[in-house]
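First up is the structure itself, then whatever we jot down about it.
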């Protein structure tokens with residue numbers, strides 16, 4: 006069974022060869038540089054844990070193997086699996102796996118390790134959604150069987166996101182230090198100085214082709230520090246941003262990677278009736294509960310103006326959570342039409358009766374706060390462009406506000422915010438718009454969007470016999486000619502831009518065929534580190 010998918014990726018940075026001593030950075034010798042087997046990468050974060058059972062590596066990781074993986078052509082291919090099959094009722098998935106794989110501690114990888122990994126991931130219930138998994142059982146050393154509680158056509162994408170860990174070496178400390186990071190991927194963790202750097206070395210026992218890059222030093226740096234390191238020639242690749250990428254650096258060029266990493270506004274769809282979430286957070290907004298207000302914010306904003314003003318041209322217009330994917334409905338595309346946006350507002354009774362440039366209705370101004378994560382300059386720039394256009398084109402009064410993550414969770418059910426998503430799996434569409442996810446603190450559906458017809462389409466998609474069969478239902482959920490999640494429909498989101506992921510790359514370094522990147526800029530980049538070469 007062969008499945009196509011466009012996937013998310015993240016950002017990786019290679020860097021001029023550096024070696025380390027006692028946790029400090031030291032420029033590599035000219036001999037090491039001449040060998041062309043090392044890279045130094047300017048990275049954004051190392052995170053708290055390298056444990057796949059709690060979500061590490063869901064966009065791909067060179068440290069761990071998966072049953073299947075996504076390649077540079079955005080297709081799923083076998084990794085540990087040699088073949089797999091799905092029962093007629095789609096509730097049983099059976100995988101045959103390789104018998105020549107070792108973990109980096111020397112233990113053989115068996116089907117029991119696969120079963121342990123998935124059962125542990127389900128039990129931990131952190132990032133990965135395995136609520137549909139009833140059980141995972143090793144039938145023998147090379148056969149593993151998954152039993153699902155309900156049909157889930159996107160399960161193959163979940164399988165591709167979970168790296169396999171060794172049952173015998175797993176503990177509560179797994180992934181928290183270099184010696185507790187044990188995988189079977191093309192690389193192993195040689196050193197980890199938390200918050201500063203980590204060093205990957207080629208896994209000599211890897212079952213696949215040995216990588217050309219034998220050592221990668223990954224420096225954890227802030228954006229400005231990465232830029233300075235690139236200018237100084239101290240890194241071979243560095244994540245960068247739209248605000249910096251227009252600057253030329255001798256000996257380096259900017260790699261642009263397409264993404265489905267979108268930025269838009271979540272718009273609460275229900276009124277403020279004094280209700281709160283289970284955690285006591287306010288629900289509803291009396292401005293954005295008006296569908297014509299939401300649609301006006303979709304039609305009345307020029308996406309190309311945002312891209313030029315806020316992102317130096319490094320983005321593409323966005324129209325949904327899944328632009329360009331096989332399950333995307335092309336009818337999601339809308340043209341900027343400020344006149345139509347004004348018409349929608351006036352149909353709902355929003356008029357500027359006092360001549361101050363701001364519309365009002367029943368004594369209430371067409372005004373709200375627009376939150377963004379404090380410290381995220383890109384989201385702030387997008388928010389400011391939207392606010393300025395909304396005032397000039399339509400008479401909105403939008404106050405842009407940087408908010409902490411904790412405060413965002415408290416306020417996102419009642420106030421619009423700049424949000425980012427993007428994935429290679431249609432499961433994201435389900436999580437964003439199925440009514441069962443409304444109002445959870447996982448950022449998927451803070452708008453409290455619910456629609457019986459959408460739920461019907463999404464359930465039909467999830468229950469399809471194959472991913473190809475599901476496409477028509479995902480598309481109908483977006484727009485069926487009358488209603489849907491898209492901006493010409495119920496518009497719980499105003500989608501604006503898909504970010505271009507940007508990297509300064511040293512001339513002569515080939516970072517392979519990058520997949521379409523998902524939300525997040527760093528980890529998807531190095532998912533294919535084993536394919537990098539110096540030319």
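Residue numbers (this note's numbering): 6 to 540. Glycine included, each C-beta is placed from N, C-alpha and C at the ideal position. These numbers were taken from a predicted model, which means no experiment stands behind them.
Compare the Cα-Cα distances from residue i to each of the options and report the closest residue.
i: residue 542; options: 419, 168, 404; result: Since the first and last residues shown for the chain are 6 and 540, residue 542 lies out of range.
i: residue 410; options: 99, 447, 511, 229; result: 447
i: residue 258; options: 509, 514, 527; result: 509
i: residue 353; options: 138, 369, 339; result: 369
i: residue 533; options: 41, 62, 473, 488; result: 62
i: residue 357; options: 339, 190, 400; result: 400
i: residue 153; options: 473, 425, 129, 92; result: 92
i: residue 383; options: 347, 398, 211, 424; result: 424
i: residue 223; options: 474, 538, 531, 535; result: 531
i: residue 343; options: 398, 381, 233, 210; result: 398
State the CB to CB distance for the pair residue i and residue j, rounded to an integer number of angstroms; the pair is presumed to be in contact (CB under 8 Å).
i: residue 4; j: residue 208; result: Outside the displayed range of the chain (6 to 540) lies residue 4, so it cannot be described from this structure.
i: residue 47; j: residue 244; result: 6 Å
i: residue 122; j: residue 170; result: 5 Å
i: residue 107; j: residue 87; result: With a Cβ gap of about 17 Å, residue 107 and residue 87 do not count as contacting.
i: residue 110; j: residue 187; result: 5 Å
i: residue 60; j: residue 131; result: 5 Å
i: residue 57; j: residue 167; result: 6 Å
i: residue 148; j: residue 99; result: 7 Å
i: residue 600; j: residue 135; result: Because the chain here runs from 6 to 540, residue 600 falls outside it and cannot be looked at.
i: residue 525; j: residue 45; result: Actually they do not touch by this definition, with Cβ atoms about 21 Å apart.
Label residue i either buried or exposed according to how many other C-beta atoms from any shown protein chain fall within 10 Å of its C-beta, with 16 as the threshold for buried.
i: residue 196; result: exposed
i: residue 433; result: buried
i: residue 113; result: exposed
i: residue 506; result: buried
i: residue 520; result: buried
i: residue 450; result: buried
i: residue 163; result: buried
i: residue 118; result: buried
i: residue 413; result: buried
i: residue 495; result: buried
i: residue 293; result: buried
i: residue 515; result: exposed
i: residue 16; result: With a pLDDT of only 29 at residue 16, under 50, the local geometry of the prediction cannot be trusted, and the value read off the model is given with reservation. Buried: at least 16 other Cβ atoms inside 10 Å.
i: residue 428; result: buried
i: residue 14; result: At residue 14, the pLDDT of 31 sits below 50, so the modelled position is not reliable; the number obtained from the coordinates is stated separately. So residue 14 ends up on the buried side.
i: residue 26; result: Residue placement at residue 26 is poorly supported in this model, since its pLDDT is 34, which falls under 50; the coordinates still yield a value, given next. With fewer than 16 other Cβ atoms within 10 Å, it is exposed.
On the DSSP letters alone, give me the boundaries of the beta strand (DSSP E) that residue i sits inside.
i: residue 74; result: 73-75
i: residue 197; result: 192-198
i: residue 267; result: 267-271
i: residue 374; result: 372-378
i: residue 529; result: Segment 528-531 is the alpha helix (DSSP H) holding residue 529; no beta strand (DSSP E) there.
i: residue 504; result: 498-504
Residue range of the alpha helix (DSSP H) that residue i falls in?
i: residue 129; result: 116-129
i: residue 303; result: 296-304
i: residue 391; result: 382-399
i: residue 164; result: 160-166
i: residue 206; result: Element bounds for residue 206: not the alpha helix (DSSP H) but the beta strand (DSSP E), 202-207.
i: residue 483; result: 472-483
i: residue 436; result: 432-438
i: residue 316; result: 308-316
i: residue 414; result: 410-416
i: residue 236; result: 228-236
i: residue 346; result: 343-352
Inset, instruction - Indicate whether the contact test is met: 3 or more Cβ pairs, each with one atom in the region 318-332 and one in the region 348-368, closer than 8 Å. - result: no
Legend entry - Contact the region 48-68 vs the region 76-88: 3+ CB pairs below 8 Å: no
Inset, instruction - Taking 8 Å as the threshold, find out whether the region 334-352 comes into contact with the region 407-425 through three or more Cβ pairs. - result: no
Legend entry - Segment contact, 8 Å Cβ cut-off, at least three pairs: the region 250-268 with the region 488-502: yes
Legend entry - contact_flag[the region 368-375, the region 402-409] where n(CB pairs < 8 Å) is 3 or more: yes
Legend entry - Cβ pair count under 8 Å reaching 3, the region 459-474 against the region 149-159: yes
Legend entry - Cβ pair count under 8 Å reaching 3, the region 451-464 against the region 478-487: yes
Legend entry - contact_flag[the region 388-395, the region 291-310] where n(CB pairs < 8 Å) is 3 or more: yes
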